[in-house]
Each structure stands twice: as C-alpha cells, then as structure tokens.
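Right, one structure below, let's go through it.
In our numbering, the protein residues as written are 4 to 223.
In structure tokens:
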C-alpha cells in the first residue's frame, strides 16, 4: 500500500501531524496511509526506507536535530539540508516541508527543492488552509504513482523495440534516461544479441515493478 512518511525527531509533534493529516485524508476520500519516522543518521538510509515502505511522498520537519534519534543522539543535519541530499537521487519525488520555521532564511532559500513549504499551523491549526493544502499533497503523491506507472509502460515498449533491432538512437537515449530514473539495471546497447539474451530478465524485473505499482494503484 502506498504510504506518506513524516520525518521528524519530535515524536509528539509527528504524532499530532499524522492524526491531523489522517483526518483530512479520510475527509477527502484518500486511502494513502501515513507513517512517522525519526531521522536517520546515514542519509543513504532514506532511499532504502522509501523503497521498502512504498513511500510516495515525504514530509520533512526543519529542526530534525533537536532531539535524540533512534540511537540516542541527534542527527547532524536540518530539513533544508536533508532535501538537498535527497534530491541527488529523488529528483522528481514529492517532498513537502511542514514546520514552524518555514519563514527562516535558510529554509526559504531551499523553497524550490520542495513540492510545498508549509507552516505547521496551516495544517494543524487552521481548517481553511488545511482544506486547501491537504488535497494538493494527495494529488502530488498520486501524480508520482501515476507517472511511475506510465514510465514503466514506456520502458517495456522501448525494451521490446530495442531487443527486436528496430530502434533509433533516440529510443536508446530515452531508455537510458528511464533506467536511471526508475533505478533499473543498465546493460550495453551495441550488441543486439546482448539484448536478446537478457530480454527475459528485463521482463521479469519489469513485471515485478509493475506488480508493485499496480498494487499501489489498486489500493486507492
């Protein structure tokens, strides 16, 4: 089931935000589930976390280093620093910041890195603004799922075309771009036999990915 994850070192605040968002999700008919997670000391752990937990949107707090994390020590970074690192791999992934520090200069300077940059009160204390922004968060998460499904289908068609020998250089370039974005394995393209020999493995990988996306979409 696709999930939205709140990253916050303050368990009380993340719990309140989770309950509030869940209330509005139910109100607007969304079936996305919501989980909370304390910050990871190793930023690379976020990528595995997103993949393992079928996360389709992240919500970050700014002050991630105020309280002890899972090992008893605060992390060394802030939310506006974390998003820069996440963008190195999750370029089109929806990331929202909901914080009481949304007006700080260092946060404002990273505004373009976020899908939305919101004040916590806009969600937890103001029904009018919550009714405005929560549907946008839902649409951003759904758009990410829909786009991935579309791109997986395109990848499938390009793989067949290249394996059959009827492709152009533009087809190969597009497939390479999709492989990078979807984090699929890249093999050589010059030898047609390589494609034919490895085509079955590509299809198996694709079917597994498609099954995951379909499971997410069917859970709506």
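All C-beta atoms in this analysis are idealised placements derived from N, C-alpha and C, irrespective of residue type, glycine included.
Give every residue of the same chain whose Cβ lies closer than 7 Å to the Cβ of residue 41, excluding the five residues on either side of it in the sequence, and list them in chain order.
Here the set comprises 12, 72, 73.
Can you find the residues in the same chain that come closer than 8 Å, C-beta to C-beta, to residue 18, ignoring five residues on each side of it along the sequence?
Cβ within range, chain order: 39.
Is it buried or exposed, residue 183, if we count other Cβ atoms within 10 angstroms and call 16 or more buried?
Exposed is the call here.
What residue ranges within the stretch 52-107 form continuous beta strand (DSSP E) runs of no fewer than 3 residues, ordered along the chain?
Whole beta strand (DSSP E) segments, 3+ residues: 58-63, 98-102.
Go through the stretch 158-183 residue by residue and report every complete run of the beta strand (DSSP E) that reaches 3 residues or more, in order.
Those beta strand (DSSP E) runs which fall completely within the stretch 158-183 and span 3+ residues do not exist here.
Please go through the same chain and pick out, in chain order, the residues whose beta-carbon is closer than 8 Å to the beta-carbon of residue 25, but skip the five residues on each side of it.
37.
Could you pull the start and end residues of the beta strand (DSSP E) that residue 127 belongs to?
Element bounds for residue 127: not the beta strand (DSSP E) but the alpha helix (DSSP H), 123-127.
Starting from residue 19 and walking both ways along the alpha helix (DSSP H), at which residues does that stretch end?
Residues 14-30.
Just how far apart, CA to CA, sit residue 180 and residue 173?
If I take the Cα positions, the gap works out to 11 Å.
Taking DSSP as the reference, what is the three-state secondary structure of residue 145?
Three-state DSSP puts residue 145 in a helix.
Give the secondary structure of residue 6 by DSSP, where H, G and I count as helix, E and B as strand, and everything else as coil.
Correct three-state label for residue 6: strand.
Bridge partners for residue 119 per DSSP, in chain order?
Residue 119 is bridged to 99.
May I ask you to verify whether the stretch 55-68 touches the stretch 98-105, counting CB pairs closer than 8 Å and requiring at least 3?
Because the criterion of three Cβ pairs below 8 Å is met, the stretch 55-68 and the stretch 98-105 touch.
Judging by CA-CA distance, which residue of 163, 137, 149 is the nearest neighbour of residue 20?
Taking only the C-alpha atoms, the option nearest residue 20 is 137.
Taking the beta carbon of residue 14 as the centre, do at least 16 other beta carbons fall within 10 Å, making it buried, or is it exposed?
Residue 14 is exposed by the Cβ-count criterion.
Taking 8 Å as the threshold (C-beta atoms), are residue 125 and residue 133 in contact?
Yes, the Cβ-Cβ distance between residue 133 and residue 125 is below 8 Å.
Is DSSP giving residue 111 helix, strand or coil here?
In this structure, residue 111 counts as helix in the three-state DSSP scheme.
If we ignore side chains and look at the alpha-carbon of each, how far apart do residue 88 and residue 82 end up?
Roughly 10 Å separates the two Cα atoms.
Going by beta-carbon coordinates alone, are residue 62 and residue 8 separated by less than 8 Å?
Going by C-beta atoms, residue 62 is nearer than 8 Å to residue 8.
Tell me the residue span of the beta strand (DSSP E) that contains residue 39.
Residues 36-40.
Have a look at residue 131 and residue 23 and give me their C-alpha separation to the nearest angstrom.
When rounded, the distance between both Cα atoms is 13 Å.
Throw me the rounded Cβ distance for the residue 164 and residue 170 pair, which I believe falls under 8 Å.
Right, their Cβ atoms sit about 5 Å apart.
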